[in-house]
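A.B. asks: Add 3 to a position in the sequence shown, counting from 1, and you land on the number used in the working numbering.
In this text, a Cβ means the ideal position worked out from N, Cα and C, and glycines have one as well.
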Amino acid sequence: MKDNYALIGYPLGHSLSPQIHTRLFELAGIDFQYDLTEIKPEELRSHYDHLKSLKGFNITIPHKIPIIDFCDDLSEGAKRYGSVNCILNENGKSTGHNTDVLGFVKSVEQLGATLKSKVCLLGCGGVGRMMAIESAYQGADLTMAVRTEDIPVAEGIKSEIEKLLPHNQVKVINLSEMSGGYDLVINATPVGMYPKTEFSPLKKEQLQNVTYLFDAIYNPTHTTLSKYAKEMGVKASTGMAMLVLQAVAAHEIWNGSEYKQSDIDTLIKDMEALV
Numbered sequence: 004m005k006d007n008y009a010l011i012g013y014p015l016g017h018s019l020s021p022q023i024h025t026r027l028f029e030l031a032g033i034d035f036q037y038d039l040t041e042i043k044p045e046e047l048r049s050h051y052d053h054l055k056s057l058k059g060f061n062i063t064i065p066h067k068i069p070i071i072d073f074c075d076d077l078s079e080g081a082k083r084y085g086s087v088n089c090i091l092n093e094n095g096k097s098t099g100h101n102t103d104v105l106g107f108v109k110s111v112e113q114l115g116a117t118l119k120s121k122v123c124l125l126g127c128g129g130v131g132r133m134m135a136i137e138s139a140y141q142g143a144d145l146t147m148a149v150r151t152e153d154i155p156v157a158e159g160i161k162s163e164i165e166k167l168l169p170h171n172q173v174k175v176i177n178l179s180e181m182s183g184g185y186d187l188v189i190n191a192t193p194v195g196m197y198p199k200t201e202f203s204p205l206k207k208e209q210l211q212n213v214t215y216l217f218d219a220i221y222n223p224t225h226t227t228l229s230k231y232a233k234e235m236g237v238k239a240s241t242g243m244a245m246l247v248l249q250a251v252a253a254h255e256i257w258n259g260s261e262y263k264q265s266d267i268d269t270l271i272k273d274m275e276a277l278v
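1) Closest by CA to Q36, which one among E46, F60 and K43?
2) Counting C-beta neighbours from all protein chains within 10 Å, is the total for N94 16 or more, i.e. buried, or is it exposed?
3) When you compare only the Cα positions, how much space is there between L118 and Q141?
4) Once DSSP output is grouped into helix, strand and coil, what is the label at Y197?
5) Excluding sequence positions up to five away, which residues of its chain have a Cβ less than 6 angstroms from the Cβ of V188?
6) Return the CA-CA distance between L57 and R150, expressed in angstroms with no decimal places.
7) For D34, which of helix, strand or coil comes out of DSSP?
8) Are there 16 or more other CB atoms within 10 angstroms of the CB of S179, so buried, or fewer, so exposed?
9) Given the structure, does I62 come close to the ligand SAH, in the sense that its CB is under 7 angstroms from one of the ligand's heavy atoms?
10) Return the chain-ordered list of same chain residues with a C-beta closer than 7 angstroms to the C-beta of M196, the five sequence neighbours on each side being excluded.
11) Just tell me which of L114, K109, I33 and D273 has its CA closest to the CA of M4.
12) Please report how far the alpha carbon of Q211 lies from the alpha carbon of M235, in whole angstroms.
13) Counting only runs of 4+ residues fully inside the stretch 72-151, write out the alpha helix (DSSP H) ranges in chain order.
Quick look at the structure:
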């Protein structure tokens, strides 16, 4: 008998989730049905009965916060970030998880970098906030580089981190002031994303004396920023690994599935070839 899974969001548009999850289910030898289910924000509650009938499901915008009301319990990551993108229904109980953060941490590790280092994070939106807080928890010497108009938001995240971790001092600077000298630079801005692929949040010269770059954008596979990094001798990766690895984390939660690193690497390359 098939286990039923889904991705919910609105609008879903073109999603790579079916291809990624199909491959992961097949690698694990699980008989499955994975559906894309568009649910308007005002209709989420009316779908609760259907969602309860699934073995598990993924959640994307705009439901990552509202779906918390559906959950009977939350993982530590979901509690910490107030955001759920994966749910397991088991024994009549729905548990919400945040696998975005797991995908982020594993992506940094796969790059060969560590968050316990001198880190510069570009941007302070939803994903930037998660990356900033997780970096601080992992022991980063953290600088947030943002646009002038976003400095108040970044200062709010800085205050949030310093309340959670009183010994952690976060610096906030303007993007234009960023001048290299970091172990790891993380791009959490949308600058350079398809279709405006010619843009970069940094100039090439700002990547001097940087060791690693992780750009969370996955379309295109090679962003202008990641090209700049490679030209400056910086080891760089983009966001497809994070997208795949957060899906891998979901399968670990749903079924305890385990995967060979070679299979994950192949899946990442195959998905990169689709964008």
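C.D. replies: Looking at the coordinates:
1) F60
2) Counting Cβ neighbours within 10 Å, N94 comes out exposed, since fewer than 16 surround it.
3) L118 and Q141: Cα-Cα distance of roughly 6 angstroms.
4) coil
5) For V188, where only same-chain residues beyond five positions count, the Cβ hits under 6 angstroms are C123, V213 and L216.
6) Take the alpha-carbon of L57 and the one of R150: they are about 42 angstroms apart.
7) coil
8) The residue in question, S179, is exposed, as its Cβ has fewer than 16 Cβ neighbours within 10 Å.
9) As for the ligand SAH, it is missing from this structure, which has no ligand bound.
10) I220 and N222
11) I33
12) 7 angstroms
13) 79-84, 102-114 and 129-140
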